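What follows is a short report on a single structure.
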Amino acid sequence: MKMRQIKPRIRWLGAVDWDRRLFDALIPLPDGTSYNAYLVEGSDATALIDTADPTKTDVLLGQLEGIERIDVVVVQHVEQDHSGSLPAVLERYPDAHILCSPKAQPMIADHLGVDPDRIKAVEDGEAFSLGDRTLEFIHAPWVHWPETVLTYVREDGVLFTCDLFGSHLATSELFASGSDRILASAKRYYAEIMMPFAHMIRGHLDRLADYALDLVAPSHGPVHDDPAFIIDAYRHWVNDPPGNLALIPYTSMHGSTEQMVHHLVAALAERAIRVEVFDMAQTDLGAYAMALVDAATVVFATPTVLVGPHPNIVFAAYLTAALRPKLRHAAVIGSYGWAGKAAERTQSLCAGLKVEWLDAVFTRGLPTRETFAALDGLADAIAARHSEPEPPQ
Amino acid sequence: MEKWVCTVCGYVYDPGSGDPDGGIEAGTPFDSLPSSWVCPLCGASKDQFEKQ
Numbered sequence: 323m324k325m326r327q328i329k330p331r332i333r334w335l336g337a338v339d340w341d342r343r344l345f346d347a348l349i350p351l352p353d354g355t356s357y358n359a360y361l362v363e364g365s366d367a368t369a370l371i372d373t374a375d376p377t378k379t380d381v382l383l384g385q386l387e388g389i390e391r392i393d394v395v396v397v398q399h400v401e402q403d404h405s406g407s408l409p410a411v412l413e414r415y416p417d418a419h420i421l422c423s424p425k426a427q428p429m430i431a432d433h434l435g436v437d438p439d440r441i442k443a444v445e446d447g448e449a450f451s452l453g454d455r456t457l458e459f460i461h462a463p464w465v466h467w468p469e470t471v472l473t474y475v476r477e478d479g480v481l482f483t484c485d486l487f488g489s490h491l492a493t494s495e496l497f498a499s500g501s502d503r504i505l506a507s508a509k510r511y512y513a514e515i516m517m518p519f520a521h522m523i524r525g526h527l528d529r530l531a532d533y534a535l536d537l538v539a540p541s542h543g544p545v546h547d548d549p550a551f552i553i554d555a556y557r558h559w560v561n562d563p564p565g566n567l568a569l570i571p572y573t574s575m576h577g578s579t580e581q582m583v584h585h586l587v588a589a590l591a592e593r594a595i596r597v598e599v600f601d602m603a604q605t606d607l608g609a610y611a612m613a614l615v616d617a618a619t620v621v622f623a624t625p626t627v628l629v630g631p632h633p634n635i636v637f638a639a640y641l642t643a644a645l646r647p648k649l650r651h652a653a654v655i656g657s658y659g660w661a662g663k664a665a666e667r668t669q670s671l672c673a674g675l676k677v678e679w680l681d682a683v684f685t686r687g688l689p690t691r692e693t694f695a696a697l698d699g700l701a702d703a704i705a706a707r708h709s710e711p712e713p714p715q
Numbered sequence: 048m049e050k051w052v053c054t055v056c057g058y059v060y061d062p063g064s065g066d067p068d069g070g071i072e073a074g075t076p077f078d079s080l081p082s083s084w085v086c087p088l089c090g091a092s093k094d095q096f097e098k099q
């Protein structure tokens, strides 16, 4: 696609990646993605905001044919899906220098081999004039790396946010209002990438309340022509208490654990608790992460393999803790053949989770009436906690 | 002064060194760190720290 105007002197460029199905060798991309860069042409100077994934360098350079000069390249985030074409851009525009946060400086050298003399760090709140357009830099660390910055064009009310407010969504539509999938896509992205930093985002949202925002332009997915929509969504995700939702990530080898899961799902549903079940052998990680945004309780269900939990549940436990969700309660249920420590080991794998651990329920061999009674007890315990009034914050 | 450990990543906040990159002078006790201070290695908030 050619460059596309979002404001009279501001254009989107970059690439829509329709075919990409995996990110970070980990995150499924059911809807592809895009790598968004932006060109801001002031009366005296031209700025390029970010670049694109190195697989799309040719696309970016093709779009820049006819742009004779770029004075500054703003590197809002050093991750390679945005900085990857930087060396090629710097080669095409030998007079351009980089603007970035102080923490980004050494990272750009480490990740991309760029000559440090071409990199200038900007302070929080510092402004850079392009003539009749002014760039203001907002240090916004940990969305999602330590060096992330946002860039605000005062005259147009355009905020470039890089990964913050982004979506992995390949679309021909330039603006979010043209998409009926934007909320789900943005929530999935939040869950996969931003959720561990919810406390930082609270602070950033407070700060952004002082800015007049006409457009919010992220580095993935469509541009938000209704900034209030996405900001409001984020406010809920980072501030709302968990809802009446329990998640059951499970794996079963010969069916004992699976029977227990089915019984627990029914018991929870009878107690008016919403449940989502994830067979970890075939689950879309992003779907599991999305469910963690609102869940109050997680119950890991696992057979015993070589003394510990099944590796699929090792993965689920580790990931759950790493994403730092707002869970309040957790439990482990499952089965074993003769002995084991699956419950203890699952718990220690997510020791960082600040949750109340409810009693584990394990069966030797097939689940019995006693097993099912214990699962009913677990369901009662979860129901009691989900119906408690909000503790004071 | 006591050292505090980040339970997410293991980073040790040593008041003797402070956190200069984070604007915290050497000699600042953990309790005096602003509530907005986060672990420089992983971004975890103060409430994720434990006394060593």
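Line by line, the protein sequences give chains A and B. The working numbering numbers the first residue of the first sequence as 323 and each following residue consecutively. The working numbering numbers the first residue of the second sequence as 48 and each following residue consecutively. Where a beta carbon is used, it is the ideal one built from N, C-alpha and C, also for glycine. Every value quoted in this text rests on a predicted model; they were computed, and no experiment measured them.
Spatially closest choice to residue i from the options, by CA coordinates
{"i": "A348 (chain A)", "options": "A:Y474, A:A568, A:I515, A:A539", "result": "The amino acid occupying residue 348 (chain A) in the given sequence is Leu; Ala does not appear at that position. Closest option to L348 (chain A), Cα to Cα, is A:I515."}
{"i": "Q264 (chain A)", "options": "A:L344, A:K442, A:A520", "result": "For chain A, the structure presents residues 323 to 715; residue 264 (chain A) sits outside this window and is missing."}
{"i": "A665 (chain A)", "options": "A:L628, A:E458, A:R691, A:V436", "result": "A:L628"}
{"i": "L481 (chain A)", "options": "A:E458, A:V395, A:A492, A:D502", "result": "A:E458"}
{"i": "G453 (chain A)", "options": "A:E592, A:D366, A:A508, A:S356", "result": "A:D366"}
{"i": "P67 (chain B)", "options": "B:C56, B:V85, B:A91, B:S92", "result": "B:V85"}
{"i": "A374 (chain A)", "options": "A:G388, A:P330, A:V395, A:E363", "result": "A:V395"}
{"i": "I389 (chain A)", "options": "A:E363, A:A638, A:H399", "result": "A:E363"}
{"i": "E49 (chain B)", "options": "B:K93, B:P81, B:D61, B:F96", "result": "B:D61"}
Closer than 8 Å at the beta carbon, the chain B residues around residue i
{"i": "G674 (chain A)", "result": "T54, V55, Q95"}
{"i": "G447 (chain A)", "result": "Those within 8 Å of G447 (chain A) in chain B number zero; the least Cβ separation is about 14 Å."}
{"i": "P468 (chain A)", "result": "P87, G90"}
{"i": "W464 (chain A)", "result": "V85, G90"}
9 Å Cβ cutoff met for residue i and residue j
{"i": "L697 (chain A)", "j": "P689 (chain A)", "result": "yes"}
{"i": "A701 (chain A)", "j": "L569 (chain A)", "result": "no"}
{"i": "D417 (chain A)", "j": "D393 (chain A)", "result": "yes"}
{"i": "V545 (chain A)", "j": "A498 (chain A)", "result": "yes"}
{"i": "P571 (chain A)", "j": "F600 (chain A)", "result": "yes"}
{"i": "L607 (chain A)", "j": "P350 (chain A)", "result": "yes"}
{"i": "L645 (chain A)", "j": "T619 (chain A)", "result": "no"}
{"i": "A653 (chain A)", "j": "I595 (chain A)", "result": "no"}
{"i": "S405 (chain A)", "j": "K378 (chain A)", "result": "no"}
{"i": "V381 (chain A)", "j": "G336 (chain A)", "result": "yes"}
{"i": "L491 (chain A)", "j": "H542 (chain A)", "result": "yes"}
{"i": "P631 (chain A)", "j": "T668 (chain A)", "result": "yes"}
{"i": "D485 (chain A)", "j": "V465 (chain A)", "result": "yes"}
{"i": "D353 (chain A)", "j": "R529 (chain A)", "result": "no"}
Bridge partners - residue i, DSSP secondary structure assignment
{"i": "H546 (chain A)", "result": "A:V538"}
{"i": "Q327 (chain A)", "result": "A:R333"}
{"i": "Y317 (chain A)", "result": "The structure shown does not extend to residue 317 (chain A), since chain A is modelled only from 323 to 715, so the question has no answer here."}
{"i": "K98 (chain B)", "result": "B:W51"}
{"i": "N358 (chain A)", "result": "A:G336"}
{"i": "D316 (chain A)", "result": "With chain A covering only 323 through 715, there is no way to say anything about residue 316 (chain A)."}
{"i": "H419 (chain A)", "result": "A:V394"}
{"i": "W559 (chain A)", "result": "Answer is none; W559 (chain A) lacks a bridge partner."}
{"i": "F651 (chain A)", "result": "Before going further, note that residue 651 (chain A) is His rather than Phe in the sequence given. Answer is A:T619, A:E678, bridged to H651 (chain A)."}
{"i": "D66 (chain B)", "result": "B:I71"}
Assigned exposure category for residue i - 16 Cβ within 10 Å defines buried
{"i": "V59 (chain B)", "result": "exposed"}
{"i": "P633 (chain A)", "result": "exposed"}
{"i": "N723 (chain A)", "result": "With chain A represented from 323 up to 715, any question about residue 723 (chain A) goes unanswered, as that position is not in the structure."}
{"i": "E469 (chain A)", "result": "buried"}
{"i": "W559 (chain A)", "result": "buried"}
{"i": "Q99 (chain B)", "result": "exposed"}
{"i": "H708 (chain A)", "result": "buried"}
{"i": "P319 (chain A)", "result": "Since the first residue of chain A shown is 323 and the last is 715, residue 319 (chain A) is not available in this structure."}
{"i": "L88 (chain B)", "result": "exposed"}
{"i": "D339 (chain A)", "result": "buried"}
{"i": "W660 (chain A)", "result": "exposed"}
{"i": "S657 (chain A)", "result": "buried"}
Chain A contact residues for residue i, given Cβ-Cβ distances below 9 Å
{"i": "S92 (chain B)", "result": "H521, M522"}
Amino acids of chain B, ordered along the chain, whose beta-carbon sits closer than 7 Å to that of residue i
{"i": "G525 (chain A)", "result": "S83"}
{"i": "W334 (chain A)", "result": "The premise fails here: W334 (chain A) is roughly 29 Å from chain B at the closest Cβ pair, so nothing lies under 7 Å."}
{"i": "W679 (chain A)", "result": "Those do not exist, as W679 (chain A) stays about 16 Å from chain B at its closest Cβ, beyond 7 Å."}
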